[in-house]
Amino acid sequence: MSFSSEWLALRAPFDTRARDAGLARRFATALPPSPLIVDLGAGTGANALTLAPLLPQARFRLVDNDPALLAIARARLPCETVQADLTGDLAALLDGADAVSASALMDLVSASWFDALAAQAAKRRLPLLFTLNVDGRHAFTPADSGDAAVFAAFARDQGRDKGFGPALGADALRYMRERLSSLGARVSLAPSDWHVSDDGRALLSAFLDGMAEAATRAAPADAAAIAGWLKRRQAQAPSLTVGHQDLLALW
-16 MSFSSEWLAL
-6 RAPFDTRARD
4 AGLARRFATA
14 LPPSPLIVDL
24 GAGTGANALT
34 LAPLLPQARF
44 RLVDNDPALL
54 AIARARLPCE
64 TVQADLTGDL
74 AALLDGADAV
84 SASALMDLVS
94 ASWFDALAAQ
104 AAKRRLPLLF
114 TLNVDGRHAF
124 TPADSGDAAV
134 FAAFARDQGR
144 DKGFGPALGA
154 DALRYMRERL
164 SSLGARVSLA
174 PSDWHVSDDG
184 RALLSAFLDG
194 MAEAATRAAP
204 ADAAAIAGWL
214 KRRQAQAPSL
224 TVGHQDLLAL
234 W
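Position 235 of the sequence shown, counting from 1, maps to 218 under this note's numbering, and the rest follow consecutively.
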């Protein structure tokens, strides 16, 4: 699954503001000199750009299935890029890695896919930093009578297959924490919520469109009600909080 460069550009400043700096510093201090960090689902290289100032000697291998996004990443920072389907050979993608990172990915993957990644990380004792994992919380101000129904349908859509099998969706954090802990990792979480208001009207509009589309896909019988909700919300331009958490796993 891939996202457009336009959507990634819209969310980038909010992602940067939301990421937990403390977990990123702990991740950096756990790594050897000149580490190779493999970033999965790298898009335009946001994780590497965030980590590079903390790890000036680090090497980055950015993995994504979209060559256009990887071309943007190469123009933004020195890195190795690998165009690959993440459902392929994970062991090969992690060859020589000292750590693994990912951003806004783990709600899209399946439990079985994550199990395979966790097994590789445990075997190799690879520090993991997974940022901006959705946790199912959404809040608009002001509230609307249609919010609950739309949120429920949106949550159901989050569990559909995104190419990895049934997606973990908002259950990803719980699943990752339990799975990694069972393998011996020390897992830490920290909030990384989006807070979108007057400075993010373009992002808000795109998010509302996407939420309505996903909700309609999950509840087609409610399409008219969802369309009405979307029209009201676009006119109101509410402020928005989207719950995320960053996850750090060390061995």
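The beta carbon of each residue, even a glycine, is placed where N, CA and C say it ideally should be.
On a predicted model such as this, the values are computed, not experimentally measured, just so you know.
- The residues Ala101, in chain order, have a CB closer than 6 Å to that of Arg162 in the same chain once the five nearest residues on each side in sequence are set aside.
- Annotation: Arg108 to Arg157 spans about 21 Å, alpha carbon to alpha carbon.
- Going by DSSP, Gly167 is part of no beta strand (DSSP E) at all; its letter is neither H nor E.
- The C-beta distance from Ser(-12) to Asn30 rounds to 16 Å, too long to fall under 8 Å, and the pair is not in contact.
- The three-state reading of DSSP puts Phe43 in strand, counting E and B together.
- By the criterion of a C-beta distance shorter than 6 Å, Gly152 is surrounded in its chain by Asp90, Gln141, Gly142, once the five residues flanking it on both sides are discounted.
- Non-local C-beta neighbours of Ala136 in its own chain, meaning closer than 6 Å and more than five positions away in sequence, comprise Ala198, Ala201, Ala202, ordered along the chain.
- Cβ atoms of Thr33 and Ala7 come within 8 Å of each other, at about 7 Å.
- When the five nearest sequence neighbours on each side are left out, the beta carbons in the same chain lying within less than 8 Å of the beta carbon of Thr70 are those of Trp96, Gly146, Phe147, in order along the chain.
- At the C-beta level, Asp229 and Ala168 stay beyond 8 Å of one another.
- Excluding sequence positions up to five before and after Leu115, its CB lies within less than 8 Å of the CB of Asp(-2), Ala1, Arg2, Ser86, Ala87, Ser175, His227, Asp229, all in the same chain and listed in chain order.
- Separation of the CB atoms of Ala25 and Ala(-5) is rounded to 13 Å, and the pair is thereby denied contact status at 8 Å.
- With 16 or more neighbouring CB atoms inside 10 Å of its own CB, Leu223 falls in the buried class.
- By the Cβ criterion, the stretch 209 to 219 is in contact with the stretch 123 to 135, since at least three pairs of Cβ atoms, one from each stretch, lie closer than 8 Å.
- DSSP, reduced to helix, strand and coil, places Leu112 within a strand of the structure shown.
- The beta carbon of Thr64 sits closer than 7 Å to those of Leu45, Leu53, Ala56, Arg57, all from its chain and outside the five residues before and after it, given in chain order.
- When the beta-carbon positions are compared, Leu187 and Ala218 stay at least 8 Å from each other.
- Counting of Cβ neighbours within 10 angstroms places Pro110 among the buried residues, the total reaching 16 or more.
- In its chain, beyond the 5 residues on either side, Ser93, Ala150 have a beta carbon closer than 8 Å to the beta carbon of Asp144.
- Per the DSSP secondary-structure output, Phe137 pairs with nothing in a beta bridge.
- Take Ala80, set aside five residues on each side of it, and the residues of its chain with a beta-carbon closer than 8 Å to its own are Leu19, Ile20, Val21, Arg44, Arg107, Leu109, in chain order.
- Per DSSP, reduced to three states, the secondary structure at Ser188 is helical.
- Annotation for Asp68: Asn48 place their beta carbon closer than 7 Å to its own, counting only its chain and skipping 5 residues before and after.
- By the 16-neighbour rule on beta-carbons within 10 angstroms, Asp182 is exposed.
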